[in-house]
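Here the structure is laid out as structure tokens; the discussion comes afterwards.
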Amino acid sequence: MLGGSPPAPPDPPRPPVPDRTPEPDYRSIYAAITTERFSIPAVNLRRIDPRYLRREVAYPRADEPGTIVVDTAARYAYLVLQGGRAMRYGIAVGRDQAFNLTGDAFVERKAAWPNWRPTPEMVAREPQRYGHLRHGMPGGGRNPLGARALYLYQDGYDTYYRLHGTVEPWTIGTMASAGCIRLINQDIVDLYQRVPIGTRVVILPTDASVA
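First residue of the sequence shown? That's 0 in my numbering, and the numbers climb one at a time after it.
If you want it as structure tokens, here you go:
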């Protein structure tokens, strides 16, 4: 080469930026809520696997911000945020995969301290457990839907599939429900206030996962 200096070598690839999100204050996040119509007790954190507690995380999929993505295989629900981030909540899913909805749905109704009524299929399947509740149960601290419910519809029809709270927070991370998605009451209250009617919900099949 005539004259001049040789070209500088290319810059080495940059290592991935670590997630520097601080550890949440879970004692505060899952403390008792006494400002509700019915009190929500504090969560016994020793009974829940820490990986299923609420936190903001990096999100690899290209879903639009504001979308809820339910990862039934990993037992997480994600609320997609801006900038490749998401709020992640631990969930419990249906005991039988045949009861689980998949695909796209939309939140067409929201309710605080919702009433609950078992479906006819639930009554027929377990009449001793659900028969006396066939006419419904009012909202409250013992209601299986917990403090909040998001009602999912497809093509304008109720799927009878809900994202809702629970009176059994220790079941989060398991296959425990009758088919719907349950969250810790403090988490469903948080999610409920973040999403409007019309929110798109993507329920991944059990052979797919976000990560």
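Glycine included, C-beta positions come from ideal geometry on N, C-alpha and C.
Everything numeric in this text was worked out from a predicted model, so none of it was measured.
Which of helix, strand or coil does DSSP assign to Trp-115?
As a working note, residue 115 is residue 116 in the sequence shown. Strand.
For the ligand FAD, any of its heavy atoms closer than 7 Å to the Cβ of Ala-72?
Among the components of this structure there are no ligands whatsoever, and the ligand FAD is therefore not found.
Quick one: what's got a C-beta closer than 8 Å to Ala-97's C-beta in the same chain, skipping five residues either side?
By 1-based counting over the sequence shown, the position of residue 97 is 98. With a pLDDT of 42 at Ala-97, under the threshold of 50, the modelled position of this residue cannot be trusted, and the question is left open.
Within the continuous alpha helix (DSSP H) that includes Tyr-129, where are the two ends?
Taking the sequence shown and counting its residues from 1, the one referred to as residue 129 is at position 130. Its alpha helix (DSSP H) spans residues 126-129.
May I ask you to report which of helix, strand or coil DSSP gives Ala-85?
The residue given as residue 85 occupies position 86 in the sequence shown. Residue state, collapsed to three classes: strand.
Tell me, please, whether the stretch 102-112 touches the stretch 139-147 by the rule of three or more beta-carbon pairs shorter than 8 Å.
Look at the beta carbons and you see the stretch 102-112 touching the stretch 139-147: at least three pairs across the two are nearer than 8 Å.
Closer than 8 Å by C-beta to Gly-197: which residues in its own chain qualify, once you throw out the five before and the five after it? Chain order, please.
Here residue 197 is taken as the residue at index 198 of the sequence shown, counted from 1. Contacts found: Phe-105, Val-106, Glu-107.
Glu-55 in three-state terms, based on DSSP
On the sequence shown, residue 55 is found 56 positions in, with the first residue counted as 1. In this structure, Glu-55 counts as strand in the three-state DSSP scheme.
At which residue ranges does the stretch 123-182 contain complete beta strand (DSSP E) runs of 3 or more residues, listed in the order of the chain?
147-153, 156-163, 174-176
Count Cβ pairs between the stretch 148-162 and the stretch 45-59 that sit closer than 8 Å; are there 3 or more?
no
Quick one: what's Arg-199 bridged to in DSSP?
Taking the sequence shown and counting its residues from 1, the one referred to as residue 199 is at position 200. In DSSP, Arg-199 forms a bridge with Phe-105.
Quick one: measure Cβ to Cβ for Gly-89 and Tyr-75, integer angstroms, because I've assumed they're closer than 8 Å.
Numbered from 1 along the sequence shown, position 90 holds the residue referred to as residue 89. Numbered from 1 along the sequence shown, position 76 holds the residue referred to as residue 75. Yes, they are in contact, since the Cβ atoms of Gly-89 and Tyr-75 sit about 6 Å apart, within 8 Å.
Gly-82, buried or exposed, once every other Cβ within 10 Å from all chains shown has been counted against 16
Stepping through the sequence shown from its first residue, residue 82 is reached at position 83. When all chains shown are included, Gly-82 counts as exposed.
Supposed contact pair Ile-47 and Ser-38 - C-beta distance, whole angstroms, cut 8 Å
Locating residue 38 in the sequence shown gives position 39, counting from the first residue. Locating residue 47 in the sequence shown gives position 48, counting from the first residue. Incorrect: roughly 20 Å between the Cβ atoms, too far for contact.
Distance, Pro-59 Cα to His-131 Cα
Position 132 of the sequence shown, counted from the first residue, corresponds to residue 131. Position 60 of the sequence shown, counted from the first residue, corresponds to residue 59. C-alpha separation (whole angstroms): 45 Å.
Applying the 10 Å Cβ sphere with the 16-neighbour rule, what's the burial state of Gln-185?
Here residue 185 refers to the residue found at position 186 when the sequence shown is read from its first residue. That one is buried.
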